[in-house]
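One line per chain: the protein sequences are V and Y, in this order. Following numbering that gives the first Met the number 0, the residues of the first sequence are numbered contiguously, the last one being 251. Following numbering that gives the first Met the number 0, the residues of the second sequence are numbered contiguously, the last one being 251.
Number of protein chains: 2
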Amino acid sequence: MPDLNDQLGQQGVTLADRVFARLRQAIVEGEIPSGTKISEPELASEYGISRGPLRDAIGRLEACHLVERRPNVGARVVSLTQEDLLELYLLREALEGMAARLAAERMSGRDIDELRKLLRQHQERAELQEGIAYFQTEGDLDFHYRIIKASGNVRLIKLLCDDLYHLMRMYRFQFGMASSRALIAFREHGHIVEAIADRDPEMAELIMRRHIRSSRINVELLFDEKAPKGARATPAIRSASADSSAGAAPPL
Amino acid sequence: MPDLNDQLGQQGVTLADRVFARLRQAIVEGEIPSGTKISEPELASEYGISRGPLRDAIGRLEACHLVERRPNVGARVVSLTQEDLLELYLLREALEGMAARLAAERMSGRDIDELRKLLRQHQERAELQEGIAYFQTEGDLDFHYRIIKASGNVRLIKLLCDDLYHLMRMYRFQFGMASSRALIAFREHGHIVEAIADRDPEMAELIMRRHIRSSRINVELLFDEKAPKGARATPAIRSASADSSAGAAPPL
DNA sequence: TACCCTAATATTGTCAACAATCGGACGACA
DNA sequence: TGTCGTCCGATTGTTGACAATATTAGGGTA
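This is the structure we're talking about:
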């Protein structure tokens, strides 16, 4: 899963950049649970920095919709809801469908070969694990990531890869994603690549939309059998770094 | 054009909020031309505030893609390009198509009546001005705004109304939008409302997508005849508030 | 004259202290 | 006993000063 969000190489990395990247990872991977209140003095002392860059980082997290902020009250990590996840899937259906169409129009033959190679790698791993962990290994997101990049639409790429992508990862960390669809999803990926290789934009969009819609419906079913009513991921509200089991954070 | 972005009523409006709203308006309406370097000390003294909340506001502008920032160098208002505008239209085609579909599924009968009333109001104004100013008066954006809100998808609403909407307005202020399509656009709006009233989601999406696609193609033609090669809106780079003709800014 | 290196300057990034605001606890009163 | 008002503590918002970095002007050399 190389260079998912390559902020590397760009000279001049500020302190706020690093703490932002770090906080985002901590939030997405569940280290800071959703619903947690973000205490500025606490986090600042933990990271050994001032509140200035920290506030900057929190502001960016708010822009990514990873934290919610109320004036004079504070910021807290978003509470993931079933409704929001479904909305996210609807958005992806529209946006990634568009990405697939553009990719079919503009993707270079060389990149298509790369995409095929990626799928073969997934197949090797998938065969080993009998399709139980396609979503957990981020292989699914990796595939979608490439399609999006191949669309060539800068604004679309930023939107999906900088914001929605991290939210999807957060949901996957919170609710362990269903594996029942892993093999099906893998095959659908293959169909998408075929449509792109055939230079059939409408078909590529159609399959991609159906692919994401199927995922959404699968998630809906999962929710319905687990928790009939719209349930939140983390009922308990804990304070950030209340359990500093990992000790002080390493230097930025 | 009431309550386009009603931040009213929410208690606790911070200083950064106000300067953000103000800077955004100044940028969108061209008061601060695109390409302008944002000087923090300059603006801070002009607004009579410290650099802290100003930096916060600039950070939010960056999140809206209204300014671009490079570490240790500074922020400058985005340069609008032809390519970016076309990308924006493509995004809108996908997103607002989705919005129209959802609106057809979920919009209340009362809201549909409101929408019809809005169109009648537009017609009265349009008849007066013989279809020369449908875009300039923001009537077009107002209509789209309502459809988006009616979709009920919170994430979609935030994305379109908080970010893309202001960018579209900015483009309209920079390049005075074409009026040749005004009457056609108005009629297409009517067809969209009909599809929604018929509870025909697929039709609503189809018409909306064609509607936006037509706008895009119209813009493309406009560009081609005006400037054959991809040209920028503002060739000259000026410094912000270099011409403080309006004097000092009113208090926040 | 063109190029490179150096130094001055201005701007941004960061820090620590001050002011404003909110949430919760305590106590008074119906 | 329940509810309202007030006070206190803590957190956030804001400010001005300090440090680090990039841009620009100038001089020296090939």
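Glycine residues also receive a C-beta, built at the ideal position from the N, C-alpha and C atoms.
Under a criterion of Cβ atoms nearer than 7 Å, no residue of chain Y is adjacent to residue 47 (chain V); the nearest Cβ is some 20 Å distant.
Think of a sphere of 7 Å around the beta carbon of residue 84 (chain V): no beta carbon from chain Y falls inside it, the nearest being about 10 Å out.
By the C-beta density criterion, residue 71 (chain Y) is exposed, having fewer than 16 other C-beta atoms within 10 angstroms.
When secondary structure is reduced to three states using DSSP, residue 72 (chain V) falls in the coil class, being assigned neither helix nor strand. If you look at residue 153 (chain V), you'll find it in the alpha helix (DSSP H) that goes 153 to 156. Of the residues assessed, residue 220 (chain V) falls on the exposed side of the cut-off, its CB having fewer than 16 other CB atoms within 10 angstroms.
Straight-line spacing of the CA atoms in residue 193 (chain Y) and residue 64 (chain Y) works out to 35 Å.
With fewer than 16 other beta carbons inside 10 angstroms of its own, residue 69 (chain V) counts as exposed. DSSP, reduced to helix, strand and coil, places residue 224 (chain Y) within a helical segment of the structure shown. The beta carbon of residue 64 (chain V) falls within 9 Å of a beta carbon belonging to chain Y, placing the residue at that interface. If the five residues before and after residue 75 (chain V) are omitted, its C-beta is found closer than 7 Å to the C-beta atoms of 34, 35, 36, 37, 66 and 67, all from its own chain and listed in chain order.
Under the 10 Å beta carbon count, residue 139 (chain V) is surrounded by 16 or more other beta carbons and is classified as buried.
Secondary structure note for residue 29 (chain Y): it is in no alpha helix (DSSP H), with a DSSP letter that is neither H nor E.
The beta carbon of residue 22 (chain V) sits closer than 7 Å to those of 56 and 60, all from its chain and outside the five residues before and after it, given in chain order. The CB of residue 93 (chain V) comes closer than 8 Å to the CB of 93, 94, 96 and 97 in chain Y, given here in chain order. Between residue 151 (chain V) and the set V:26, V:94, V:41 and V:77, the nearest pair of CA atoms involves V:94. Against residue 90 (chain V), the close residues of chain Y are 154 and 155, in the order they occur along the chain (beta-carbon pairs closer than 7 Å). At a cut-off of 9 Å between beta carbons, residue 12 (chain Y) contacts chain V. According to the DSSP assignment, residue 77 (chain Y) belongs to no alpha helix (DSSP H), since it is labelled neither H nor E.
Beta-bridge partners of residue 67 (chain V) (DSSP): V:75. If you ignore the 5 residues before and after residue 102 (chain V), its C-beta comes within less than 7 Å of the C-beta of 146, 149, 150, 195 and 203, all in its own chain and listed in chain order.
With respect to chain Y, the C-beta atom of residue 51 (chain V) has a partner C-beta closer than 9 Å.
Across the structure, residue 116 (chain V) and residue 110 (chain V) are spaced so that their CA atoms are roughly 10 Å apart. Annotation: Cβ neighbours of residue 55 (chain Y) in chain V (cutoff 9 Å, chain order): 54, 55 and 58. Going by beta carbons, residue 162 (chain Y) and residue 62 (chain Y) fall inside the 9 Å limit. Your pair residue 185 (chain Y) and residue 121 (chain Y) checks out as a contact, with CB atoms roughly 6 Å apart and the cut at 8 Å.
The C-alpha of residue 211 (chain V) is placed about 24 Å away from the C-alpha of residue 107 (chain V). Within the same chain, 170 and 218 come within 7 Å of residue 84 (chain V) by CB-CB distance, once the 5 residues on both sides are set aside. Selection Y:100, Y:53, Y:47 and Y:137 evaluated against residue 28 (chain Y) yields Y:137 as nearest (Cα-Cα). In the three-state reduction of the DSSP assignment, residue 12 (chain V) falls in the coil class, being assigned neither a helical nor a strand state. Comparing alpha-carbon positions, the option among V:43, V:42, V:159 and V:52 lying closest to residue 98 (chain V) turns out to be V:159. CA-to-CA, the gap between residue 166 (chain V) and residue 73 (chain V) works out to about 21 Å. Only exposed fits residue 49 (chain V), as fewer than 16 other CB atoms lie within 10 angstroms of its CB. Leaving aside the five residues that flank residue 198 (chain V) on each side, the residues in its chain whose CB is nearer than 8 Å to its CB run, in chain order, 103 and 104.
Around the beta carbon of residue 77 (chain V), a 10 Å sphere encloses 16 or more other beta carbons of the protein chains shown; the residue is thus reported as buried.
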